[in-house]
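*Asks:* Structure incoming, see below.
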Amino acid sequence: MKSAEKKKNSLTKLIAEELKPYVKKIDTEAFYAEDYLRTLGKVGLFSAQGRTEKEQLIDEYYMVKETAKICMTTAFCLWCHLAALTYIRHSENEHLKATILPKLESGALLGATALSNPLKYFAGLETMHLKAEKTEGGYFISGVIPYVSNLGEVDHGFGFIAAVNDSTRIIGFLSCETPGITMKERKDYFGLNGSATYACTLKKVFIADDCVISENADEFVNSIKSIFIAYQIPLGFGVVDASVQSIEKVNKKQNGCNQYLPIQADQLKERLAKLEGNLRQQLEQPSLSWRDIAEIRLEIAYLTLDAVQAAMLHHGGSAYLKDSTPARKLREAYFLANLTPTIKHLEKMLVH
1187 MKSAEKKKNS LTKLIAEELK PYVKKIDTEA FYAEDYLRTL GKVGLFSAQG RTEKEQLIDE
1247 YYMVKETAKI CMTTAFCLWC HLAALTYIRH SENEHLKATI LPKLESGALL GATALSNPLK
1307 YFAGLETMHL KAEKTEGGYF ISGVIPYVSN LGEVDHGFGF IAAVNDSTRI IGFLSCETPG
1367 ITMKERKDYF GLNGSATYAC TLKKVFIADD CVISENADEF VNSIKSIFIA YQIPLGFGVV
1427 DASVQSIEKV NKKQNGCNQY LPIQADQLKE RLAKLEGNLR QQLEQPSLSW RDIAEIRLEI
1487 AYLTLDAVQA AMLHHGGSAY LKDSTPARKL REAYFLANLT PTIKHLEKML VH
């Protein structure tokens, strides 16, 4: 069996055994599908060994989409982990590549990204939340991060950016077990409460120089932001695909009355196919175009909202049960619309 086919089969099996049985629990009880994420690493689906960067991206996009079809909450956690992997893979810090990268790839360590605030800072939307003070052998980091997802008290870590001064910012990687970090879990969201989201307070947390991803965070973020945003696109692909299937299942409902609704499955499939084609074209290029990726990311956010609302209407009253699949997809879609970069953030960036 070819390697790519073997990986797809492994993913299908894991989704069926480690994710599908827990979807309602994830949605209604804030259950964190940690075992699913770790097992992806154990079976080698995070490993870059024997793959080009392009092959790696394609495989990981597919993994996010297939996960999002079943549960976008868990697919979002998967995106968080892939973002952390991206930071370490593109760092020039050989210590991190030798020590942290193997753990992230094996699933022994799950990664997160605390870059929502910095990305908004770079777009002129917010001030920086974290400050870095240079000291012997590293930096002291202080400040509050309102929410970081895919976290846990042990065997988890996250990327962050902190300002040294008005012109210099560093990006580093911290273990959640580092002294000085206080974590408070947040489960008061409209959806995605199974995303292991925490508010993190850092009080003079020491980070050694060998855990600094780059001392020029601005330049580093500019070099990886296309990949960072691109990994979010299949979140929408998965939700739209699932919504289309959901709509098709009820097309005979109430003697075919759904045919009179303004948005139909074929329209959604056509729009989705166009966006997937655009993304494939981007992946065939030597390097990703930030603007083109941002445009696809914005379009998939709008398409996802259209798809889940259409599914709600096609299902009718049954969709309004709290634990119904269309209701869950609706909540997931509204999160995607507000995931950094949010719709309004993207609209602003694409204008300027």
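In this text, residue positions in the sequence shown follow the working numbering: the first is 1187, and each later residue adds one. Cβ atoms here follow ideal geometry from the backbone N, Cα and C, with glycine treated the same way. The structure presented is a predicted model; accordingly, all values stated were derived computationally and were not measured.
Sort out for me which residues DSSP pairs Leu-1360 with in a bridge.
*Replies:* On the sequence shown, position 174 is the one that residue 1360 refers to. Per DSSP, Phe-1344.
*Asks:* In this structure, does DSSP put Ala-1523 in helix, strand or coil?
*Replies:* On the sequence shown, residue 1523 is found 337 positions in, with the first residue counted as 1. Of the three classes helix, strand and coil, the one that applies to Ala-1523 here is helix, per DSSP.
*Asks:* Going by CA-CA distance only, name the one from Pro-1365, Glu-1371, Glu-1339, Ala-1394 that's closest to Ile-1357.
*Replies:* Taking the first residue of the sequence shown as position 1, residue 1357 is located at position 171. When only C-alpha atoms are compared, the closest one is Ala-1394.
*Asks:* Do the region 1343-1363 and the region 1295-1315 touch if we need at least three Cβ pairs shorter than 8 Å?
*Replies:* Segments in contact, yes.
*Asks:* Once DSSP output is grouped into helix, strand and coil, what is the label at Met-1187?
*Replies:* Position 1 of the sequence shown, counted from the first residue, corresponds to residue 1187. Because the pLDDT at Met-1187 is just 46, under 50, the model does not fix this residue reliably, and the point stays unresolved.
*Asks:* Per DSSP, what are the beta-bridge partners of Ala-1298 in this structure?
*Replies:* Residue 1298 sits at position 112 when you count from the first residue of the sequence shown. Answer is Phe-1344.
*Asks:* Which whole runs of the alpha helix (DSSP H) in the region 1425-1450 are 4 residues long or more, in chain order?
*Replies:* Those alpha helix (DSSP H) runs which fall completely within the region 1425-1450 and span 4+ residues are 1439-1442.
*Asks:* Distance check for Lys-1455 and Ala-1428, CA to CA, integer angstroms please.
*Replies:* As a working mapping, residue 1428 is identified with position 242 in the sequence shown. As a working mapping, residue 1455 is identified with position 269 in the sequence shown. Taking the straight line from one Cα to the other gives about 11 Å.
*Asks:* Got a sec? Which residues, its chain only, sit under 8 Å from Met-1187 by beta carbon, not counting five neighbours each side?
*Replies:* Along the sequence shown, one-based indexing puts residue 1187 at 1. Residue placement at Met-1187 is flagged as unreliable, the pLDDT there being 46, under the threshold of 50; a coordinate-derived value is accordingly withheld.
*Asks:* Determine the direct distance from the alpha carbon of Thr-1321 to that of Ser-1432, and round the result to whole angstroms.
*Replies:* In the sequence shown, residue 1432 corresponds to position 246, counting from 1. In the sequence shown, residue 1321 corresponds to position 135, counting from 1. One C-alpha to the other measures close to 56 Å.
*Asks:* From Ile-1201, Gly-1230, Lys-1240, pick the residue whose C-alpha is nearest to that of Pro-1472; which is it?
*Replies:* Taking the sequence shown and counting its residues from 1, one reaches residue 1472 at position 286. The option with the nearest alpha carbon to Pro-1472 is Lys-1240.
*Asks:* Below 6 Å CB to CB, which residues in the same chain sit around Leu-1458 once its five sequence neighbours on both sides are set aside?
*Replies:* Against the sequence shown, residue 1458 aligns to sequence position 272. Excluding residues within five positions, the ones whose Cβ falls inside 6 Å are Val-1426.
*Asks:* Report buried or exposed for Val-1340, applying the criterion of at least 16 other Cβ atoms within 10 angstroms of its Cβ.
*Replies:* Here the question's residue 1340 lines up with position 154 in the sequence shown. It is exposed - the Cβ of Val-1340 has fewer than 16 other Cβ atoms within 10 Å.
*Asks:* Around the Cβ of Pro-1420, are there at least 16 other Cβ atoms within 10 angstroms (buried) or fewer (exposed)?
*Replies:* As a working note, residue 1420 is residue 234 in the sequence shown. Per the 10 Å Cβ criterion, buried.
*Asks:* Can you tell me which of Asn-1379, Gln-1450, Glu-1485 puts its alpha carbon nearest to the alpha carbon of Cys-1257?
*Replies:* Numbered from 1 along the sequence shown, position 71 holds the residue referred to as residue 1257. When only C-alpha atoms are compared, the closest one is Asn-1379.
*Asks:* Would you kindly work out how many angstroms separate the C-alpha atoms of Ile-1244 and Cys-1386, rounded to a whole number?
*Replies:* Here residue 1244 corresponds to residue number 58 of the sequence shown, with the count starting at 1. Here residue 1386 corresponds to residue number 200 of the sequence shown, with the count starting at 1. About 32 Å.
*Asks:* With distances taken Cα to Cα, identify the nearest neighbour of Phe-1376 among Asn-1524, Ile-1274, Val-1334.
*Replies:* Taking the first residue of the sequence shown as position 1, residue 1376 is located at position 190. If we check each option's Cα against that of Phe-1376, Asn-1524 comes out closest.
*Asks:* Please name the residue or residues paired with Lys-1317 in a DSSP beta bridge.
*Replies:* If you number the sequence shown from 1, residue 1317 lands on position 131. According to DSSP, which records beta bridges pairwise, Lys-1317 is partnered with Ser-1328, Ala-1349.
*Asks:* What number of angstroms, rounded off, separates the C-alpha of Arg-1514 from the C-alpha of Lys-1508?
*Replies:* The residue given as residue 1514 occupies position 328 in the sequence shown. The residue given as residue 1508 occupies position 322 in the sequence shown. Between Arg-1514 and Lys-1508, the C-alpha separation is close to 8 Å.
*Asks:* Would you decide whether Arg-1477 is buried or exposed? Buried here means 16 or more other CB atoms lie within 10 Å of its CB.
*Replies:* Position 291 of the sequence shown, counted from the start, is the residue given in the question as residue 1477. That one is exposed.
*Asks:* Name the residue from Tyr-1506, Glu-1252, Leu-1311 whose alpha carbon lies nearest to the alpha carbon of Phe-1423.
*Replies:* By 1-based counting over the sequence shown, the position of residue 1423 is 237. Ranking the options by Cα distance to Phe-1423, first place goes to Glu-1252.
*Asks:* Starting from Cys-1257, trace the beta strand (DSSP E) both ways and give me its first and last residue.
*Replies:* For the purposes of this step, residue 1257 is taken as residue 71 along the sequence shown, with counting starting at 1. Per DSSP, Cys-1257 belongs to no beta strand (DSSP E) and is neither H nor E.
*Asks:* Note down the Cα distance separating Phe-1308 from Met-1535, rounded to an integer number of angstroms.
*Replies:* In the sequence shown, residue 1308 corresponds to position 122, counting from 1. In the sequence shown, residue 1535 corresponds to position 349, counting from 1. Rounded to whole angstroms, Phe-1308 to Met-1535 spans 10 Å at the Cα level.
*Asks:* Does the Cβ-Cβ distance between Lys-1439 and Gly-1502 come in under 8 Å?
*Replies:* Stepping through the sequence shown from its first residue, residue 1439 is reached at position 253. Stepping through the sequence shown from its first residue, residue 1502 is reached at position 316. Yes, Cβ-Cβ distance for Lys-1439 and Gly-1502 is below 8 Å.
*Asks:* On the DSSP letters alone, give me the boundaries of the alpha helix (DSSP H) that Glu-1280 sits inside.
*Replies:* Here residue 1280 refers to the residue found at position 94 of the sequence shown. Note, Glu-1280: alpha helix (DSSP H), 1280-1292.
*Asks:* Below 8 Å on the Cβ atoms is my contact criterion, and I expect Glu-1518 with Thr-1272 to pass it. Report the Cβ-Cβ distance as a whole number of Å.
*Replies:* As a position in the sequence shown, residue 1518 is number 332, starting the count at 1. As a position in the sequence shown, residue 1272 is number 86, starting the count at 1. Wrong, their Cβ atoms sit about 23 Å apart, outside the cutoff.
*Asks:* Thr-1214: buried (16+ other C-beta within 10 angstroms of its C-beta) or exposed?
*Replies:* The residue you call residue 1214 lines up with position 28 of the sequence shown. Result: exposed.
*Asks:* Ignoring anything shorter than 3 residues or poking outside the region 1215-1262, list the beta strand (DSSP E) runs there in chain order.
*Replies:* As far as the region 1215-1262 is concerned, it has no whole beta strand (DSSP E) run of at least 3 residues.
*Asks:* Beta strand (DSSP E) containing Ser-1400: first to last residue?
*Replies:* Start at 1 with the first residue of the sequence shown, and residue 1400 comes out as number 214. Run containing Ser-1400: 1398-1400, per the beta strand (DSSP E) assignment.
*Asks:* Determine the closest residue to Ala-1202 out of Gly-1329, Val-1229, Lys-1211, Tyr-1222, with distance taken between C-alpha atoms.
*Replies:* By one-based count along the sequence shown, residue 1202 stands at place 16. Cα-wise, what sits closest to Ala-1202 is Tyr-1222.
*Asks:* What residue does the beta strand (DSSP E) around Tyr-1384 start on, and which one ends it?
*Replies:* For this step, residue 1384 is matched to residue 198 along the sequence shown. That run of the beta strand (DSSP E) goes 1384-1394.
*Asks:* Using 8 Å as the cut-off, can you tell me whether the region 1223-1242 makes contact with the region 1526-1535, which would need three or more C-beta pairs spanning the two stretches below that distance?
*Replies:* Because the criterion of three Cβ pairs below 8 Å is not met, the region 1223-1242 and the region 1526-1535 do not touch.
*Asks:* With a threshold of 7 Å (Cβ to nearest heavy atom), would Pro-1365 be considered close to the ligand NAP?
*Replies:* Ligands are entirely absent from the displayed structure, and the ligand NAP is therefore not among its contents.
*Asks:* Might you give, ordered along the chain, the residues of its own chain that have their beta carbon closer than 7 Å to the beta carbon of Phe-1406, omitting 5 neighbours on each side?
*Replies:* Translated into the one-based positions of the sequence shown, residue 1406 becomes position 220. Cβ within range, chain order: Ile-1357, Ile-1399, Ser-1400.
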